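For reference, the structure is listed below as structure tokens.
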Amino acid sequence: MVTALIVAALALVAGAATFGGSRWPGVSSGSPPDVGRATTAPTTAAPTTTVGPPPGAAGATLTPIPASGTKLLFGMGTEADNAIGHKLVTQAPVRMLTSWYNGPGDLSWMTGWRTGTVPRSYGRGYALHLIVFNDGPEGPVDTKYGPACGRAYPLASRFAADMTRLAKTFAGARGGPPLYVTLFTEFQTYPCADNAWRADGETTNYYRALIDQYRAALRIFHQHAPNARVSLGWGGWQALYDDPSRGGGLSLFDYFAQVLRESDFQSFQAMDPRSNVRTIRTMVRELGAYGPVMVAHLQNDSAHYGADVREVLDPGFLREMISEGLFAVSFMDDKRMLADPDTFAFVRDAVRRHGRDP
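Following full-length UniProt numbering, the numbering of the sequence shown begins with 1 at its first residue and continues without gaps.
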């Protein structure tokens, strides 16, 4: 199945608020920085330790997620059936296949994987990773909290039924390779006003309703997919500034603290076209307080790719991040690394050195 992804570097425009101090050393206050975002998602088909789900998490009976000072679970893809043939997957221990669900239109073909792609992948020892994304139009939405404004599908009455179909499609055995689910990736862009809990009353109502939908989907995946672990998908730019007066930047995490504690793991994207080191470091520090952390989609679709990936896969940096809670990194594709043989060889050798089985 051929997939397509258009990745752009977009500037997220801040409101005219006065910004407060940063909560992390080295993270400046101010407006959201220029970052990479998935603007069009796929349209087709330290010392060794263990860290499990946060105490009290619904999936706490699952096998703990292993972490060590040098090893990570590496993933690849925009769709599992295509990712398995990527050159990096065939030449290095990339043991997680990532797929994007973009909306109800994907159900017609994705549910067909239930008897093919999904069991074959688990049977070959791959973990699966499902990213639930929505880039639909924004507008008025009614919620039990009052009027809201944002993307309608994540709050739609059919959403729970659609998640049930996905959970049954991707379900595997409890003792087999895991299914990781990143729900609502880049969710800070779903309300009409981005990145701040208190941007206005409609934004607050939207986020409250989205949290309800997240909790419902988490229960659905745990009920219908015994191997599922569920997380909320952050846009990594959120950690690069702070806006306490509007509940934005680093301050937005406080409003989601309880739902992060209820999650099985944490996830975020890193798609800055300049460098993703700062994004990864600050996001892992922030989210690592709540549980194991995954970079759900790593991409740099710019001329800086080679330098960026060499910094991200530096052994010292990986050891630092693993000690803070990082357990997995998924590449969106291998196009950029294949464009330069030296860069591909570096990534391949780094994954051979640091990759692990699920």
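Ideal placement from N, C-alpha and C gives every residue a C-beta, glycine not left out. None of these values were measured; they are calculated from a predicted model.
Closest residue to residue i among the options (Cα-Cα distance)
i	options	result
Ser-323	Gly-139, Ala-171, Pro-292	Pro-292
Ser-263	Pro-244, Gly-233, Trp-237	Gly-233
Leu-240	Thr-70, Val-277, Ser-302	Val-277
Leu-179	Asn-227, Gly-248, Val-312, Arg-261	Asn-227
Lys-87	Gly-355, Phe-344, Pro-244, Ala-350	Phe-344
Phe-187	Phe-346, Phe-74, Gly-123, Phe-268	Phe-268
Ser-330	Thr-90, Thr-98, Arg-261	Thr-98
Ala-351	Thr-90, Glu-79, Ile-65	It should be noted that the sequence gives Val, not Ala, for residue 351. Residue Thr-90 is the option with its Cα nearest to Val-351.
Phe-221	Gly-103, Val-132, Arg-95	Val-132
Arg-310	Gly-288, Ser-275, His-297	Ser-275
Arg-174	Asp-342, Asp-254, Ala-127, Thr-117	Ala-127
Arg-198	Gly-248, Arg-336, Asp-272, Tyr-101	Gly-248
Thr-185	Tyr-214, Gly-316, Asp-314, Gly-172	Tyr-214
Tyr-206	Gly-172, Tyr-255, Pro-177, Ser-251	Tyr-255
Thr-203	Phe-253, Gly-172, Gly-150, Gly-316	Gly-150
Pro-273	Ala-38, Leu-73, Asn-300	Asn-300
Segment limits, beta strand (DSSP E) that includes residue i
i	result
Ser-99	96–101
Gly-235	228–235
Ser-330	326–331
Leu-338	That residue, Leu-338, is in no beta strand (DSSP E); its alpha helix (DSSP H) goes 335–338.
Rounded separation between residue i and residue j - CA only
i	j	result
Asn-82	Ser-121	12 angstroms
Arg-229	Gly-146	31 angstroms
Met-332	Gly-77	5 angstroms
Ile-280	Val-295	8 angstroms
Gly-36	Ala-303	13 angstroms
Gly-125	Asp-357	8 angstroms
Asp-243	Arg-285	18 angstroms
Arg-348	Ala-148	46 angstroms
Pro-191	Val-141	10 angstroms
Asp-162	Ala-225	14 angstroms
Gly-123	Arg-353	24 angstroms
Leu-260	Tyr-305	31 angstroms
Gly-85	Glu-138	36 angstroms
Gly-236	Ala-270	5 angstroms
Trp-100	Gly-201	31 angstroms
Leu-155	Asp-194	16 angstroms
Met-96	Gln-238	26 angstroms
residue 362	Thr-189	Summary: the structure shown does not reach residue 362, with the chain confined to residues 1 through 358, and so no result is reported for it.
Thr-117	Ala-80	8 angstroms
Ile-211	Arg-336	35 angstroms
Val-94	Asp-334	12 angstroms
Gly-355	Ala-92	8 angstroms
Lys-71	Pro-177	17 angstroms
Asp-342	Ser-157	50 angstroms
Leu-313	Phe-346	9 angstroms
Leu-252	Arg-114	37 angstroms
Ser-22	Pro-119	With a pLDDT of 33 at Ser-22, under the threshold of 50, the modelled position of this residue cannot be trusted, and the question is left open.
Asp-308	Ala-38	18 angstroms
Beta-carbon proximity list for residue i, same chain, < 6 angstroms, skipping 5 on both sides
i	result
Ala-216	Ala-160
Asp-338	Looking at the sequence itself, residue 338 is Leu, so the reference to Asp does not match. Closer than 6 angstroms at Cβ, skipping near neighbours: Phe-344.
Arg-208	Tyr-145
Leu-326	Val-284, Val-293
Ser-231	Thr-182, Ser-263, Phe-265, Gln-266, Ser-267
Gly-26	With a pLDDT of 37 at Gly-26, under the threshold of 50, the modelled position of that residue is not reliable, and the figure given next carries that caveat. Taken in chain order, the list of residues that qualify is empty.
Leu-298	Ala-270, Val-329, Phe-331
Gly-75	Met-96, Thr-98, His-129, Ser-330
Phe-317	none
Thr-143	Asn-205, Ala-209
Enclosing alpha helix (DSSP H) for residue i [first to last residue]
i	result
Thr-115	Neither: Thr-115 is in no alpha helix (DSSP H) and is coded neither H nor E.
residue 382	Absent from the model: residue 382. The displayed extent of the chain is 1 to 358, so no value can be given.
Ala-173	Here Ala-173 belongs to no alpha helix (DSSP H), and DSSP marks it neither H nor E.
Gly-201	201–224
His-86	Per DSSP, His-86 belongs to no alpha helix (DSSP H) and is neither H nor E.
His-354	341–354
Ala-307	305–312
Leu-73	Counting along the chain, Leu-73 falls outside any alpha helix (DSSP H), though it belongs to the beta strand (DSSP E) covering 73–76.
Chain B contact for residue i (CB, 8 angstroms cutoff)
i	result
Ala-167	In the structure shown, chain B does not exist; there is a single protein chain.
Same chain, Cβ closer than 8 angstroms to residue i, five either side skipped, listed in chain order
i	result
Ala-257	Tyr-290
Tyr-153	Gly-103, Pro-104, Asn-134, Gly-136, Phe-159
Gly-288	Gln-266, Glu-324, Gly-325, Leu-326
Any non-hydrogen atom of the ligand FAD closer than 7 angstroms to residue i Cβ
i	result
Arg-246	Only the bare structure without any ligand can be found here, which leaves the ligand FAD out of the picture.
7 angstroms CB neighbourhood of residue i in its chain, flanking five on each side removed
i	result
Ala-167	Ile-220, Phe-221, His-224, Ala-225, Ala-228
Thr-111	Arg-165, Thr-169
Asp-340	Gly-306
Leu-107	Asp-162, Arg-165
Handout entry: Inside the segment 126–198 only - alpha helix (DSSP H) runs reaching at least 4 residues
Key = Listed in chain order, the complete alpha helix (DSSP H) runs (minimum 4 residues) inside the segment 126–198 are 159–170.
Handout entry: Those runs of the alpha helix (DSSP H) which lie wholly inside the segment 260–299 and span at least 4 residues
Key = 277–287
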